[in-house]
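A short worksheet on the structure shown next.
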Amino acid sequence: MGNLPSETVTPSVPFLNSGVDFCGPFQIKFKTQRKGIFSKANVAIFVCLAIKAIHLEAVTDLTTEAFIAALKRLCARRGRISTLISDNSTNFKGANAELNRFMKLICNKNETLANYFASEAIQWKFIPPRSPNFGGLWEAGVKSFKHHLYRTLVNSKITFEEFETIIIQIEGILNSRPLVLLSDNINEYEVLTPGHFIISRPISAIPKPAILDISDNRLSRWLYTAKCVQIIWKRWENDYLNHLQQKNKWQFEKKMLPVGCLVLLKENDLPPCKWAMARILEVIYGTDESSGSDSSSKNFFTVISKLGSLIKQQLACCCDRGRVPVTK
């Protein structure tokens, strides 16, 4: 394995070295009347290369001026950036035509964009053509978020204010995901998140009632945006936790999680930005010390199935359900 890029391993302030990706288009309504004016909007996704934090900006069109405006908003809220990395335009062959056109625009480095980057001392880098693996920082969790955001909002006729409210709440959800634990104390459950680097504390969401089962025509516009956020959170959280569960071949022995290890629990109906966690108190072995197939292990399987699957907090592996009793 080759060396990692210096931008990803060098400690720096958030978003000093960033990557950019795009998502869209989405249909936006510019008037609240029944016969409103519809247009398209896209989302610029900025990823901090050092801490994996996410910053989302809504853009009304894919022009140089709109992108520079989004970049200025990023610098005003997160600080000036030094390096910006993006996909090469050839990686957008199957993407939306408008996104493909914009990527060609920035790859050609027109005079307006070049002058702005020169004045702000920003270095723009592109990954090699037809090598999307070089953009590995846009991990599966971010790709899954793009899929669910588009799937949820593609046919929603929402205003630009509602659209911006939704994506900023989704930004908070992405920056609340656990990275590593902060303490080995068995009585502590605090973990390090990208939000700690941005606001020096965990990011939390305003509590809202569960409205996933209520039809859209019974909801006010404000509650409808809350429902969209809850739908995206539920789908993205499930995909993200499944991504953390590494699948190993049966011929390779899986390491048992140690006592005291902090794990994530897969549970339903959790509010946005809320992650269920637990500490392992005891490891229960089977009669062959590995399979966990005796009666005692099956009894624990019933208990564990109520708590949900376990994902190791260090995001390295996942234990087998039914072999590790835990407490919340």
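Under UniProt numbering, the residues of the sequence shown are numbered 1 to 328, in order.
Beta carbons are placed, not taken as given, at the ideal position from N, Cα and C, and that holds for glycine.
The Cβ-Cβ distance between Ile166 and Cys261 does not fall below 8 Å. With respect to Asp213, Tyr224 sits apart: the two C-beta atoms are not nearer than 8 Å. In this structure, DSSP gives Asn3 a state outside helix and strand, which the three-state scheme calls coil. Distance from Phe26 to His55 at the Cβ level is roughly 18 Å; contact not present, criterion being Cβ atoms closer than 8 Å.
DSSP, read as helix, strand or coil, puts Ile68 in helix. In this chain, the alpha helix (DSSP H) harbouring Phe160 covers 160-174. If you draw a straight line from the Cα of Val47 to the Cα of Ala53, it comes to about 6 Å. Under the three-state reduction of DSSP output, Ala226 falls in the helix class. With respect to the 8 Å criterion, Thr64 and Ala41 are not classified as neighbours on the basis of their beta carbons. Comparing C-alpha distances from Glu237 to each of Arg177, Glu188, Arg218 shows the shortest one belongs to Arg177. Secondary structure note for Pro194: its alpha helix (DSSP H) is the uninterrupted segment 194-199. About 4 Å separates the beta carbon of Ser144 from that of Asp239, a gap short enough to meet the 8 Å contact definition.
Its chain contains Pro14, Pro194, Phe197 as the residues whose beta carbon lies nearer than 7 Å to that of Ile51, once the 5 sequence neighbours on both sides are disregarded; these appear in chain order. The C-alpha of Glu161 lies about 42 Å from the C-alpha of Asn187.
One thing to note: Ser119 has its Cβ no nearer than 8 Å to the Cβ of Asn17. Here Ser200 has no same chain residue with a Cβ atom under 8 Å from its own Cβ, once five neighbours each way along the sequence are excluded. Distance between Asn268 and Thr112, taken at the CA atoms: about 49 Å. Straight-line measurement puts the Cα of Val263 at about 10 Å from the Cα of Leu181. According to the DSSP assignment, Arg80 belongs to no beta strand (DSSP E), since it is labelled neither H nor E. Under the criterion of beta carbons closer than 8 Å, Ile231 and Thr152 qualify as touching, at roughly 5 Å. Under the 10 Å beta carbon count, Ile280 is surrounded by 16 or more other beta carbons and is classified as buried.
Annotation for Cys23: Asn42, Val43, Ile45, Lys146, Leu149, Tyr150 place their beta carbon closer than 7 Å to its own, counting only its chain and skipping 5 residues before and after. In the structure shown, the three-state DSSP call for Ala58 is strand. Excluding its 5 nearest sequence neighbours in each direction, Leu219 has C-beta neighbours in its own chain below 7 Å: Ile211, Lys227, listed in chain order. Nearest in C-alpha terms to Ile28, of all of Arg235, Ile203, Val191, Thr159, is Thr159.
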